[in-house]
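Residue numbers (my numbering): 423 to 982.
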């Protein structure tokens, strides 16, 4: 059992902490800023300001205060994202190259420590918001987590460990999603769902006492810190190292070294002593190593499609800023309380997690093998990811991405035109299909590169995830602030248009990659045929031609 479980508990515990954080942070931020703004602009003491903010959304006399709070949060979020994104863009390639060259565990611990410090600053903010502006703690936390790679680097390193564990089980030419990758995606989503559920239990509806608001935020922050501390302790003592790189990372470099060694008269390669390098040199080398992943020549259209896929990942993340949704539903005609928003987040998270299973199961149903009794006995939460291993569709992970993003675009358009709470809740139905996006990308992108480039590829994704919130906040928060009076949902309409462009682009990638997938499928069949007839082939005098062809094709696949 220990061989099947490695970093997954860390993913679960961090996801639970992140679930509490992502749901409670906008609630607390709105509450704390409202108290401070009412205290400063209206001259009320903290107690009276808290009483006003507890019923702000339902009181027509304080619409002006609500607009001030929303504009304050929307504008400040831009600078908070910059404070986190800029150092993350610097540190993410360093962590990715570090992970490829020195192993996975130490970078994982480094990123978890950064996240732990971040949630501690959130806890301190909940204790002191009545006396100290929360922005001091928030900016400090964003800077600290940025200099440790951010949450994206944390999950990227964790996913790299999962990929290392299961990558050797993949056969050449296979387009299946390994079960553990699907399970890891589900574990992450399920953990976030648990955190959201916990927040909904702590959230308050119409408090009899203003202290109920305060204590709900403090309790949520305490749980965040507790689960993050458990994840850190587990990672220190239980997570196994999965990558043991040689001094020279690339196989072709080692082969060249061996050839030079045999060609030299002395029969030994020259011994080179590595000289100390400056910080600037190391940073330049790390950036060059990241660029090598993108620019290295690959079979067919693979390199072009890899770059295009990363670009569309950036566009997709650019349109996903859920903090704006909270600001939208706090306005009339919705006027949601913390409790209603928590229930909405819980329902959407639940359907998103189920979508990871249902979407993949639906794709497998039309092209499945005869039933396996062992599979049928498994719980439904594992049946979908396991069935992925039985499917032989070409580029099914790409199809999952296309379907998921199309559903996300539809939900954005519906939110943009919504006028009632029921219409907003209807958008959660699309979350079932959006659940296919995560497993799709987790399988689609790593299959384009060899193992020694996996961490750097995921580092590029981490850099995109760090850069996009900054740009998203700058663009969409500005749109929201400018269109607040005449169409508050206009920012979501723009986001839906961007996601439609991603759907079209991913469809083009699918068409370009299809010949390569067909070639790999034929290669797989050829290798399987060779494995069945290898005894007869080895006895032939001309068998080396057929075997050599298969060998060359195998090396071509492995160099992707």
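Backbone N, C-alpha and C fix where the C-beta goes; we use that ideal spot for every residue, glycine too. If you're wondering where the values come from, they're calculated on a predicted model, not measured in any experiment.
From the DSSP output, in three-state form, read off residue i for me.
i: residue 842; result: coil
i: residue 851; result: helix
i: residue 466; result: coil
i: residue 634; result: helix
i: residue 665; result: coil
i: residue 526; result: coil
i: residue 926; result: helix
i: residue 711; result: helix
i: residue 626; result: coil
i: residue 553; result: coil
i: residue 569; result: coil
i: residue 489; result: helix
i: residue 871; result: coil
i: residue 461; result: helix
i: residue 985; result: Nothing in the structure corresponds to residue 985, since the chain is present only between 423 and 982.
i: residue 758; result: coil
i: residue 753; result: coil
i: residue 857; result: coil
i: residue 660; result: coil
i: residue 721; result: coil
i: residue 613; result: helix
i: residue 429; result: coil
i: residue 817; result: coil
i: residue 911; result: coil
i: residue 932; result: helix
i: residue 905; result: coil
Let's test the definition: count the other Cβ atoms within 10 Å of the Cβ of residue i and tell me whether it reaches 16, buried, or not, exposed.
i: residue 940; result: exposed
i: residue 486; result: exposed
i: residue 467; result: exposed
i: residue 758; result: buried
i: residue 856; result: buried
i: residue 553; result: exposed
i: residue 727; result: buried
i: residue 738; result: buried
i: residue 820; result: buried
i: residue 564; result: buried
i: residue 829; result: buried
i: residue 932; result: buried
i: residue 514; result: buried
i: residue 826; result: buried
i: residue 660; result: exposed
i: residue 643; result: buried
i: residue 944; result: exposed
In whole angstroms, what separates the C-alpha of residue i from that of residue j?
i: residue 938; j: residue 850; result: 36 Å
i: residue 582; j: residue 916; result: 33 Å
i: residue 428; j: residue 579; result: 13 Å
i: residue 734; j: residue 770; result: 24 Å
i: residue 928; j: residue 626; result: 42 Å
i: residue 876; j: residue 732; result: 14 Å
i: residue 646; j: residue 949; result: 50 Å
i: residue 901; j: residue 462; result: 27 Å
i: residue 636; j: residue 665; result: 45 Å
i: residue 570; j: residue 837; result: 35 Å
i: residue 559; j: residue 539; result: 11 Å
i: residue 496; j: residue 446; result: 17 Å
i: residue 921; j: residue 534; result: 31 Å
i: residue 451; j: residue 516; result: 32 Å
i: residue 725; j: residue 865; result: 16 Å
i: residue 904; j: residue 651; result: 41 Å
i: residue 624; j: residue 441; result: 13 Å
i: residue 527; j: residue 657; result: 8 Å
i: residue 723; j: residue 867; result: 14 Å
i: residue 898; j: residue 751; result: 16 Å
i: residue 549; j: residue 925; result: 44 Å
Answer yes or no: does any C-beta atom of chain C fall closer than 8 Å to that of residue i?
i: residue 635; result: Although the question refers to chain C, the structure presented lacks it and comprises just one protein chain.
Does the stretch 427 to 444 touch the stretch 608 to 623, meaning 3 or more C-beta pairs lie closer than 8 Å? With the cut-off at 8 Å, the stretch 608 to 623 and the stretch 427 to 444 touch.
Taking contact to mean at least 3 C-beta pairs separated by less than 8 Å, is the stretch 887 to 904 in contact with the stretch 516 to 526? Contact fails: fewer than three Cβ-Cβ distances are below 8 Å.
How do the stretch 869 to 881 and the stretch 711 to 720 stand: do at least 3 beta-carbon pairs fall below 8 Å, yes or no? The stretch 869 to 881 makes contact with the stretch 711 to 720; the number of CB pairs closer than 8 Å reaches 3 or more.
Does the stretch 606 to 615 touch the stretch 503 to 511, meaning 3 or more C-beta pairs lie closer than 8 Å? They do not touch, by the three-pair rule.
Touch check for the stretch 827 to 846 and the stretch 749 to 758: three-plus C-beta pairs under 8 Å? Yes, the stretch 827 to 846 touches the stretch 749 to 758.
Validate contact between the stretch 706 to 713 and the stretch 908 to 915 using beta carbons, cut 8 Å, 3 pairs: Short answer: they don't touch.
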